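K.L.:
4 protein chains.
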Amino acid sequence: MRFGLIGAGRIGRIHGGNVAAHKGTELALVADADAKAAADVAAQYGAKVADIAGIMADKNIDAVLICAPTDMHSDLIEQAARAGKAIFCEKPVDLNADRIKACLKVVNEAKAPLMIGFNRRFDPNFAALQQRLHNGAVGNVEIVTVISRDPSPPPVSYIGRSGGLFRDMMIHDFDMARFLLDEEPIAVTAVGSSLVDPEIGKAGDVDTAAVLLETKSGKIAQISNSRRATYGYDQRIEVHGAKGMIRAGNVHETSVEVATGQGFTGDPVQNFFLERYANAYRLELEAFINAVEKGVAPAPSGEDGLRAQLIADAATESWRAKKRVEIGA
Amino acid sequence: MRFGLIGAGRIGRIHGGNVAAHKGTELALVADADAKAAADVAAQYGAKVADIAGIMADKNIDAVLICAPTDMHSDLIEQAARAGKAIFCEKPVDLNADRIKACLKVVNEAKAPLMIGFNRRFDPNFAALQQRLHNGAVGNVEIVTVISRDPSPPPVSYIGRSGGLFRDMMIHDFDMARFLLDEEPIAVTAVGSSLVDPEIGKAGDVDTAAVLLETKSGKIAQISNSRRATYGYDQRIEVHGAKGMIRAGNVHETSVEVATGQGFTGDPVQNFFLERYANAYRLELEAFINAVEKGVAPAPSGEDGLRAQLIADAATESWRAKKRVEIGA
Amino acid sequence: MRFGLIGAGRIGRIHGGNVAAHKGTELALVADADAKAAADVAAQYGAKVADIAGIMADKNIDAVLICAPTDMHSDLIEQAARAGKAIFCEKPVDLNADRIKACLKVVNEAKAPLMIGFNRRFDPNFAALQQRLHNGAVGNVEIVTVISRDPSPPPVSYIGRSGGLFRDMMIHDFDMARFLLDEEPIAVTAVGSSLVDPEIGKAGDVDTAAVLLETKSGKIAQISNSRRATYGYDQRIEVHGAKGMIRAGNVHETSVEVATGQGFTGDPVQNFFLERYANAYRLELEAFINAVEKGVAPAPSGEDGLRAQLIADAATESWRAKKRVEIGA
Amino acid sequence: MRFGLIGAGRIGRIHGGNVAAHKGTELALVADADAKAAADVAAQYGAKVADIAGIMADKNIDAVLICAPTDMHSDLIEQAARAGKAIFCEKPVDLNADRIKACLKVVNEAKAPLMIGFNRRFDPNFAALQQRLHNGAVGNVEIVTVISRDPSPPPVSYIGRSGGLFRDMMIHDFDMARFLLDEEPIAVTAVGSSLVDPEIGKAGDVDTAAVLLETKSGKIAQISNSRRATYGYDQRIEVHGAKGMIRAGNVHETSVEVATGQGFTGDPVQNFFLERYANAYRLELEAFINAVEKGVAPAPSGEDGLRAQLIADAATESWRAKKRVEIGA
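Chains as they are written, first to last, in the working numbering: chain Z, 37 to 365; chain A, 37 to 365; chain R, 37 to 365; chain Y, 37 to 365.
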């Protein structure tokens, strides 16, 4: 299975490296508007530099990794689908839900395998939690709690084009809530404020937010986000069920603990998402490769991407309008 | 300081026993509609049986403990205030906010010391958390998270007269949120469902609920409740602040841990609220006694009781109307 | 059941208070060389002051609590046994094993119930561990590990008359090891040094020590002690067995945890043995009362006191002679 | 830097793979008595098959990885030293201390860089602990505690040629104790028994053991081993110092925890040493490469290998003779 990588930035390097390290797959072509970035990645993994059209046209390329800027995702997905490639695309498909729907129509018509990069589903801790939940470890799901906090906010310049916290950051948690609820949320209430950096507020976004999701049968998910956590990249999930509670906690830098008169102190949690989720990135690509090789539909699918986006859109509206919003279909 | 106890039920015995065990205070009189209950408690602690009027009229009684049914609370508070007693009253003052306001007017006119039994503020873990928070341990408060789950639901017969989950159970968490936010919530959004026992739903209440609170400056509190937790009485609080995070966890039955091929297993959390909060009940009464002796206003005050009730009312309306509700003043 | 208390010092007050608070028992008489101390305790618990002879001679006294200095223990036990009293005596029976044997002969002849105050067996955590161990939670015991560290050393003046660390401090751990091994140790190897305070070394003792115990069937216990732990009174036990591992950990001051860039910090462990073992003191006296009331032999028994002393003697010799020593019978 | 690998078994594959994956180093030649094993490893990492003489004679080979059976180690080290290679050798240098001394003499005369594979020093948790200890986190070291337990015993056939538990298994803990004590142990007392499998006892070895080490200044180390732990590969270290305590705990399979009426259950610890110490193996090889490239002496050195062996020899004698044994120089 030969891959073409589109986008040789930070996340493109991760996926490219995982393809190159995986037995039986090859990183063959790399494209990036920044020729040097493309050349660097290509050299590191024994690939060749190409342009997007070249990747799409190359009959020896079986799959594409779309790691380009967000506003290119849906076009690239359509091109790749029409070119008969299997497609792995970083989230989101697009910031506009109608655009996503149109794109998925093309994908469906082309019967192209498409996987969206909600990497957290593949974190070994969260994946094990979901598996045990699915196997009935705590009975029927009643309340899902997701706590997700970044170490520090992105540049304010990025905030403006990010689609806002709900579409840029909390979308991961919306996907996680859907993954765990095993039922579609029908309504969302979001609150948010700018407590970390007033510049973020001036840019029209929030840096601190919490959300309630409701499903038809009455299951509840509560999510909270902050753009700043002094103690590291805080990533926790917990599910309360009829027969008990299951949770997966943070990953600390080491297991070292020091006890003095001031107390017992353990390490901060891992600070950098690429370190925290290194295994998740590797395992999601394995899952994509396995699905394509076996001819089954990869998950999370384009539809999963759309559902998370619809929740994010509704959350954004809820926050702005200060009211509960029903999630679109 | 001599006490009269009104209500010799489960919680009345706790408070009566704490008064009797406290140096320098005496449980002198006990009243209860159930004469045997009054006699039992009186015998156990060396007190005498009386009726309510007798307690109110007795010039040697300095303080009353109101542990009677909820619908008697406000009348008893007014009587005691007019009789010049210091008053400790179990929560709530009343299920109706207007009735509370009228009652507090009487208390204020009489200048009677009044404390409402929000016992959790006095739990040594939660009190230490609030103290450190107040001292700046994590900087400005941004997100308060309260998880509170009972081991098992009360009888459905009780549900009907309880005022509903938000007024009966979550009111403790509303008080805790106010205690930790250090700013008044202005709006609430509540969701709830009946997942534990459909009979609770038929009785017009919920057994599973989550709430978002917002303050004017943008602080957020998220609270979730369940009427059933298989693993014990789940009581956790966490505060995310500008400089870090502070939390206080559950109290397990013992510190014993067993490791086998199935994993590492620690004990369930303490299951019974009277055991879990035994220290809190003792310490809240000490705080009441100290405040009265020093002539300072006890806290939590009647006003605190009113504020929590107003939030509970707004939450109940929010859940029913499926919309965000501004909290009354 | 009416008690006479001999010794109204710190530990005498604890036991006297527990007798007074226990339903169905009465603290009737209190004796102490320090008349004021005796009067204080008597006044606090509604008892009368007496002298030792008076307690022994009083036919209405059913049981004595011996909390006098160590060098009086064996004489008082003998007197009480001959006077037909049930006897609770603080550890040790005596610092000399032969004296203990002679004393126990008198107790046995008088058929007097005798319990020695190895309080840690009654700590709810350690008692639960032993119970589960006994019920087979981890199969046959193979390695017992006891870590026991005091917050700070006693005055050097006390060290000289204490019998040394192995007889004064580690004797509790020898009893705990016997309690958990369920088989008598036959040999001991002890190492020790004076690292905390050189004055302790000059006084002929150690402040840092570790011991290996062996049983006939090959079970092993390892114990370590320090006279100083900056982080509180460190009390941990762990048992490795054929089917798993069971342990009981420290008791922290609160469950509060603070997370910042420096890490996650929980509280120090409870610092003071009277606080850490408050429940253990209460429960051991209940066990004594229950045994006497039911007419069964109390445990830990005088024989348990002797066994621990013989191990402490052998450990002291092992440390001094720098060799493995077989434990006397 | 080009490597020759001698021994293409389980551990040889690990080191070979780490050399191949490391930037700037190459696995060039692979030798093994089993031609197929050598060919497999060579093919996997792009190396060629060779014999030992060929590796030693090849001027383009800068370093050798000795992963052959223990009884070949010292001969191979000498050959490699004389051939001017940098040498990484799995522990132990030899089971006979005199043979080690002779071997190290050759190494010293040849001025060959030599590192012994005490991998645990490079585990990120233990390395961080040692670093903080070295930086004074808990003051002067007083008591080192090492708990080390394998998931299950090796075949009895292996036991006979292993040199016994103290030389085969506990030698890692002796090295760790030396690493942490920062002072040479001068005496050892060992106890041991065969509780896991009587066949191990019949083969002249123990499967359960504990040891006390003493340094000249009075520091103490206590180590315990079992060949069987149902809950995984148990690897813990703890250091008690003048200013506090520092410890590093086990690594669990995931962070998932399930709470039910039976309690709170977390995962077993990682079961397989190659998984548990995967990072340690990678980091120790990096340390070797860095040392050789910078021309500094690698650590742990051959002298470290000798010191651990001398302690293991003394421990074995102590266990057999049932006495404290001074450690040879």
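Ideal placement from N, C-alpha and C gives every residue a C-beta, glycine not left out.
Given the structure is predicted, the values throughout are model-derived calculations rather than measurements.
Could you pull the DSSP bridge partners for A:LEU248 from this structure?
P.N.:
Beta-bridge pairing links A:LEU248 to A:THR225, A:GLN258.
K.L.:
By the 9 Å beta-carbon criterion, what residues does the stretch 250-263 of chain R contribute toward chain A?
P.N.:
Those would be none; no residue qualifies.
K.L.:
In terms of residue numbering, what span does the beta strand (DSSP E) encompassing A:MET281 cover?
P.N.:
280-284 is the extent of the beta strand (DSSP E) around A:MET281.
K.L.:
Per DSSP, what are the beta-bridge partners of A:LYS84 in this structure?
P.N.:
Partner(s): A:LEU65.
K.L.:
Taking Y:ASN144 as the reference, which of Y:GLY299, Y:GLU353, Y:SER337 has the closest Cα?
P.N.:
Nearest option by C-alpha distance: Y:SER337.
K.L.:
Distance check for A:CYS125 and A:ALA327, CA to CA, integer angstroms please.
P.N.:
Roughly 15 Å separates the two Cα atoms.
K.L.:
Who pairs with Z:ARG38 in a beta bridge, going by DSSP?
P.N.:
Z:GLU62, per the DSSP bridge assignment.
K.L.:
Name, please, each residue of chain R whose Cβ falls closer than 8 Å to the Cβ of Y:GLU329.
P.N.:
Residues of chain R passing the Cβ test: none, with the nearest at roughly 34 Å.
K.L.:
So, are the CB atoms of Z:GLY153 and Z:ILE91 less than 7 Å apart?
P.N.:
Result no, Cβ atoms of Z:GLY153 and Z:ILE91 do not sit closer than 7 Å.
K.L.:
How is the alpha helix (DSSP H) around Z:GLN345 delimited, first residue to last?
P.N.:
Its alpha helix (DSSP H) spans residues 338-357.
K.L.:
Between Z:ASP107, Z:ALA116, Z:MET151, Z:VAL142, which lies nearest to Z:ASP130 when the distance is taken from Cα to Cα?
P.N.:
Comparing Cα positions, the closest option is Z:ASP107.
K.L.:
Can you give me the Cβ contacts of R:VAL227 inside the same chain, cut-off strictly under 7 Å, excluding the 5 residues immediately before and after it?
P.N.:
Here the set comprises ALA245, ALA246, TRP355.
K.L.:
Given a limit of 8 Å on CB to CB distance, which residues of the stretch 175-197 of chain Z reach chain D?
P.N.:
No chain D is present in this structure, whose protein chains are Z, A, R and Y.
K.L.:
Quick one: give me the first and last residue of the beta strand (DSSP E) that R:ARG318 is part of.
P.N.:
Where R:ARG318 is concerned, there is no enclosing beta strand (DSSP E), although the alpha helix (DSSP H) it sits in stretches over 314-330.
K.L.:
For the beta strand (DSSP E) that Z:PHE300 lies in, which residues bound it at each end?
P.N.:
Taken as a continuous stretch (DSSP letters only), the beta strand (DSSP E) holding Z:PHE300 covers 299-302.
K.L.:
Buried or exposed, going by whether 16 or more other CB atoms sit within 10 Å of the CB of Y:PHE308?
P.N.:
It is exposed - the Cβ of Y:PHE308 has fewer than 16 other Cβ atoms within 10 Å.
K.L.:
Which residues in the same chain as Y:ALA344 place their Cβ atom closer than 6 Å to its Cβ, once the five residues preceding and following it in sequence are excluded?
P.N.:
Excluding positions up to five away in sequence, the list reads ILE207, PHE210, ASP211.
K.L.:
Going by other Cβ atoms of all chains shown within 10 Å of its Cβ, with 16 needed for buried, is R:TYR194 buried or exposed?
P.N.:
Flag for R:TYR194 reads exposed.
K.L.:
Could you list the residues in the stretch 208-234 of chain Y with a C-beta less than 9 Å from some C-beta on chain R, going in chain order?
P.N.:
Taking 9 Å as the Cβ-Cβ cut-off against chain R, the residues of the stretch 208-234 of chain Y that qualify are ALA223, THR225, ALA226, VAL227, GLY228, SER229, SER230, LEU231, VAL232.
K.L.:
According to DSSP, simplified to helix, strand and coil, what is A:ARG272?
P.N.:
Reduced to three states, the DSSP call for A:ARG272 is strand.
K.L.:
Do A:GLY280 and Z:THR266 have their C-beta atoms within less than 7 Å of each other?
P.N.:
The answer is yes: Cβ separation under 7 Å.
K.L.:
Classify R:GLU235 as helix, strand or coil using the three-state DSSP reduction.
P.N.:
In this structure, R:GLU235 counts as helix in the three-state DSSP scheme.
K.L.:
Rounded to the nearest angstrom, what separates Y:VAL292 and A:GLU114 at their Cα positions?
P.N.:
Straight-line Cα distance between these residues: approximately 52 Å.
K.L.:
Taking R:ARG49 as part of the alpha helix (DSSP H), name the residues at either end of that continuous run.
P.N.:
Counting along the chain, the alpha helix (DSSP H) containing R:ARG49 begins and ends at 46-57.
K.L.:
Would A:THR290 count as contacting chain R if we go by Cβ distances under 7 Å?
P.N.:
Closer than 7 Å to some Cβ of chain R, the Cβ of A:THR290 qualifies, so yes.
K.L.:
Going by DSSP, what residue range makes up the beta strand (DSSP E) through A:PHE162?
P.N.:
A:PHE162 -> not in any beta strand (DSSP E); alpha helix (DSSP H) instead, spanning 160-170.
K.L.:
Would you say Z:TYR267 reaches chain R, if we count a Cβ-Cβ gap shorter than 7 Å as a contact?
P.N.:
So, interface residue.
K.L.:
For R:ARG283, count neighbouring Cβ atoms within 10 angstroms of its own Cβ and tell me buried if that reaches 16, exposed if not.
P.N.:
Result: buried.
K.L.:
Any C-beta of chain Y sitting closer than 7 Å to the C-beta of Z:ARG312?
P.N.:
No, Z:ARG312 does not count as interfacial toward chain Y.
K.L.:
Between the Cα of R:GLN271 and the Cα atoms of R:LEU248, R:VAL287, R:THR296, which residue gives the shortest distance?
P.N.:
Among R:LEU248, R:VAL287, R:THR296, the Cα nearest to that of R:GLN271 belongs to R:VAL287.
K.L.:
Could you give the DSSP three-state label for Z:LEU131: helix, strand or coil?
P.N.:
Three-state result, Z:LEU131: coil.
K.L.:
Are any of the Cβ atoms in chain A nearer than 7 Å to that of R:GLU293?
P.N.:
By this cut-off, R:GLU293 is an interface position.
K.L.:
In chain Z, which residues lie less than 9 Å from Y:ASN161 when you measure between Cβ atoms?
P.N.:
Those within 9 Å of Y:ASN161 in chain Z are THR290, SER291, VAL292.
K.L.:
Run the CB neighbour count on A:HIS170, radius 10 Å, all protein chains shown included, and call it buried at 16 or more, exposed below.
P.N.:
The residue in question, A:HIS170, is exposed, as its Cβ has fewer than 16 Cβ neighbours within 10 Å.
K.L.:
Look up Z:GLU220 in the DSSP assignment and say whether it is helix, strand or coil.
P.N.:
Note: Z:GLU220 maps to coil in three-state DSSP.
K.L.:
Does DSSP put R:CYS103 in a helix, a strand or coil?
P.N.:
In the structure shown, R:CYS103 sits in coil (DSSP, three-state: anything other than H, G, I, E or B).
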